[in-house]
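In the UniProt record's numbering, the protein residues as written are 1 to 917.
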């Protein structure tokens, strides 16, 4: 049966009707679950039923249905753009460099994955609210908020059209432009085809936007793609974006985490993975099929001659083989030992990557997996770190991340693990088998090369995979709100500015059902009781602790602390078990495989014969060293074949789904118009998110040493020059990192004389604060070690009892006529559109020296014997040109004040006021 709106509607309608009645007749099990909302319950069952129905159609049919044209609302502006070829080429070069010789060999070459269908250029869509576009047009503003969004769909289905209703919500909430590439899909275009397209889209975007104006976002497979993109950008020295948002990212294609093996009744993702009706694209020939062809058995197979080969029909279509009598000593390998635990003990090949068929011991039987498991990559590539980012040596050194995880979804453990791995790279390395897989990659040194990434992790109680898909539900409303809050903070931090985000809470009403009204009452009561709610526009981002914001969110949007790492299954899994296929997921896959192979045995046999005939005739080749995977369309090209994509038609089914998803946005804007007012906005400040590391301070000391002499060919200067770090950092100095023990920190403190332990005592804080600017004078050992503080070699007539000498005893003196020690703006910013204010001009004329000159002068002061800072400042005053009309004025904290020295009766420090001698 064909797959169209009518057949899909006929398949899902009974489930919708059944869910409606069961929701009200059997509500007790739904209590305190997201499914207590009728809209969420209906949406969850509808998607689940659609995926079941789609699994009984071919990959090509599912792709065609989900890629059809979907009209957009009139209040959304959509423009399509062709990505120039030069950026596609640059993207391919970056991926080749990242893969290295060993990776290119595993992928099968460096050319085949760059091939495209005739007439299928790489395109992307700009999506923006029409009102925002008109406003930008009036002000001639190119925009400083861009979200590059990579849609999900298990790498093999979905489209920009299908996901546009979600992207337009992000654009509205953040008042941003969304840029979404139409990347090539597996299995016809497996890894790294899609990755090349998405990276090319970002490289193009860098030519029209500053990296500080860009945030990346992706859901499911798109989230995993975004993570791999950022690792490439980091390693190749390409400017990184301001931040990234990963919505239920799929980061482990080996399915090695516990939640995949468990029951997940609150999720819609098929527990056995994606099985499809056989076609020319899926499943591809397995190792037995290829071996038969190589041995010259094509003729027998093509003519269905069974006189020589007595294979049963079941054997011909079986995607795995079960050995019921293996060596009883056979063990499953793990990532700590590789494929062999002991030379005398046989092991099953549970670690992808060796090139051999995967195998695993299950209930005393040896199961050999022959068919390809995942559509995105061959079985030997599913553990590649660019395919499964959980196996990257390090996820440090990336821009700030927001990771949204559904507490009821099948992939939750790997998402929680990725968040903690990024925030603490040294604690979560891959197993030895992956670190030592290719010594030339130097994976072990990369573990400690990058500083921790700042991560906000939100685990949403009982929610499904990519809950924003159900954009018409109340839980999704909170997720969109959280995305806008984090996105605004990341942009504000990178641009060092204030970002307005939409505050439509008063007019944003999801539903008027009884359950929704009850939820609204509960939320109001909890808010009044002081409970923290998630992501409301303008709410300050909480401070990062150990580079993380760890939150659990209930269905009412109320935040509570996430459990410690020791209580999270994803964080307690041994590195030796990560990236290793497991018994639970394989059992589920085998059960479904038997069902599909039995039901579609004749169809699969027919496809096998056709593939054998085509291979016997021969396909077009790419040249030496190019071996496309069996599923790749690039390796199945026949001379004279027209491989153009089918023309898109309007999908009434997808249009209805999009209309349902867009209804909330349209009603919200109508309420704003009825209220006769513009949408309320609040300000997100870069001052939020205390504790985050500086945006471009990515490498540890070890990483910097490794880079000496081997810097990447691309420069990071553009990214550094055009972005500004957060003002409130608690990151330690370069000598320490997040793993430095407390004892070492104390020892380092004693060695680093004159270094204040309180950030409020630093010159940078003094220059930016609201109190008079003061400078820290680095004392001598004698002055610092003794308990009696001194000024200019003269001890004060008191001592500090009960405490060792500390930074609080550092003498603070005022230097006259010196501008603030650190200009908070980026060098050259005045030439980039920032207006000079009167205080800046006054300061330049009054002091007669630049910030750099003042800094050099202060460094020289410490080497002058017998001359205090105050004396040096007085000498500088005497040298001021007499012609200066403002010689009696200086600038402190952006204000012009008198240069007259303060009276010496009182000596001011950051802590107390002490009388002088």
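Note that the Cβ used here is the ideal one computed from N, Cα and C, for glycine as well.
Bear in mind that the values here come from a model prediction, so they are computed numbers and not experimental data.
CB residue i to CB residue j, shorter than 7 angstroms?
i: residue 82; j: residue 123; result: yes
i: residue 454; j: residue 544; result: yes
i: residue 362; j: residue 374; result: no
i: residue 70; j: residue 334; result: no
i: residue 397; j: residue 698; result: yes
i: residue 484; j: residue 499; result: no
i: residue 643; j: residue 389; result: no
i: residue 63; j: residue 189; result: no
i: residue 241; j: residue 224; result: no
i: residue 177; j: residue 146; result: yes
i: residue 391; j: residue 399; result: no
i: residue 630; j: residue 285; result: yes
i: residue 930; j: residue 447; result: The structure shown has nothing for residue 930, since the chain only spans 1 to 917.
i: residue 948; j: residue 348; result: With the chain running from 1 to 917 in the structure shown, residue 948 is simply not present.
i: residue 109; j: residue 626; result: yes
i: residue 576; j: residue 426; result: no
i: residue 172; j: residue 129; result: yes
i: residue 257; j: residue 432; result: no
i: residue 2; j: residue 279; result: no
i: residue 13; j: residue 162; result: no
If I'm right that residue i touches residue j with Cβ under 8 angstroms, what's the distance once you round it to whole angstroms?
i: residue 180; j: residue 127; result: 7 angstroms
i: residue 219; j: residue 143; result: About 23 angstroms separates the two Cβ atoms, so there is no contact after all.
i: residue 214; j: residue 205; result: 6 angstroms
i: residue 277; j: residue 600; result: 5 angstroms
i: residue 421; j: residue 395; result: 5 angstroms
i: residue 346; j: residue 330; result: 5 angstroms
i: residue 165; j: residue 655; result: Going by Cβ atoms, the distance from residue 165 to residue 655 rounds to 10 angstroms, so no, they are not a contact pair.
i: residue 393; j: residue 435; result: 7 angstroms
i: residue 693; j: residue 547; result: 7 angstroms
i: residue 53; j: residue 11; result: 4 angstroms
i: residue 553; j: residue 460; result: 5 angstroms
i: residue 583; j: residue 360; result: 7 angstroms
i: residue 95; j: residue 199; result: 7 angstroms
i: residue 38; j: residue 23; result: 5 angstroms
i: residue 494; j: residue 212; result: 4 angstroms
i: residue 430; j: residue 549; result: 25 angstroms between Cβ atoms; not a contact.
In the DSSP assignment, what residue or residues form a beta bridge with residue i?
i: residue 219; result: 247
i: residue 551; result: 458 and 561
i: residue 125; result: 80 and 180
i: residue 533; result: 558
i: residue 650; result: 69
i: residue 699; result: 450
i: residue 545; result: 548
i: residue 320; result: 369
Does any residue of chain D have a CB that is nearer than 7 angstroms to the CB of residue i?
i: residue 478; result: No chain D is part of this structure, which consists of one protein chain only.
*Please go through the segment 328-412 and give each complete beta strand (DSSP E) segment of 3 or more residues, from N-terminal end onward.*
Those beta strand (DSSP E) runs which fall completely within the segment 328-412 and span 3+ residues are 358-362, 365-369 and 401-406.
*Counting only runs that start and end within the segment 68-95, where is the beta strand (DSSP E) found for 3 or more residues in a row?*
Complete beta strand (DSSP E) runs here, min 3: 76-82.
*Hey, is the segment 89-100 in contact with the segment 607-619, meaning 3+ C-beta pairs nearer than 8 angstroms?*
Because the criterion of three Cβ pairs below 8 angstroms is not met, the segment 89-100 and the segment 607-619 do not touch.
*Where are the alpha helix (DSSP H) runs, 4 residues long or more, that stay fully inside the segment 427-495, in chain order?*
Within the segment 427-495, the complete alpha helix (DSSP H) runs of at least 4 residues are 432-435, 443-447 and 474-495.
*Could you tell me whether the segment 229-243 touches the segment 256-272, using the rule of 3 or more Cβ pairs below 8 angstroms?*
No, the segment 229-243 does not touch the segment 256-272.
*Going along the chain, which unbroken runs of the alpha helix (DSSP H) with 4 or more residues stay wholly within the UniProt domain "Alpha/beta hydrolase fold-3" (147-260)?*
Those alpha helix (DSSP H) runs which fall completely within the UniProt domain "Alpha/beta hydrolase fold-3" (147-260) and span 4+ residues are 160-174, 193-208 and 221-236.
*Every unbroken alpha helix (DSSP H) within the segment 555-617, with a cutoff of 4 residues, ordered by chain*: For the segment 555-617, whole alpha helix (DSSP H) runs of length 4 or above, ordered along the chain, are 569-572, 583-599 and 601-617.
*asked:* With three or more C-beta pairs closer than 8 angstroms as the rule, is the segment 630-640 touching the segment 23-43?
replied: The count of Cβ pairs closer than 8 angstroms, one atom from the segment 23-43 and one from the segment 630-640, stays below three, leaving the stretches out of contact.
*Determine contact between the segment 558-576 and the segment 409-421, defined as no fewer than three beta-carbon pairs at a distance below 8 angstroms.*
Enough Cβ pairs lie closer than 8 angstroms, so yes.
_I'd like to know if the segment 107-121 and the segment 189-199 are in contact, where contact means that at least 3 CB-CB pairs between them fall below 8 angstroms._
In short, these stretches touch, since the Cβ pair count reaches three.
_Assess contact between the segment 554-564 and the segment 487-494, defined as three or more Cβ pairs (one per stretch) separated by less than 8 angstroms. Is contact present?_
Short answer: they don't touch.
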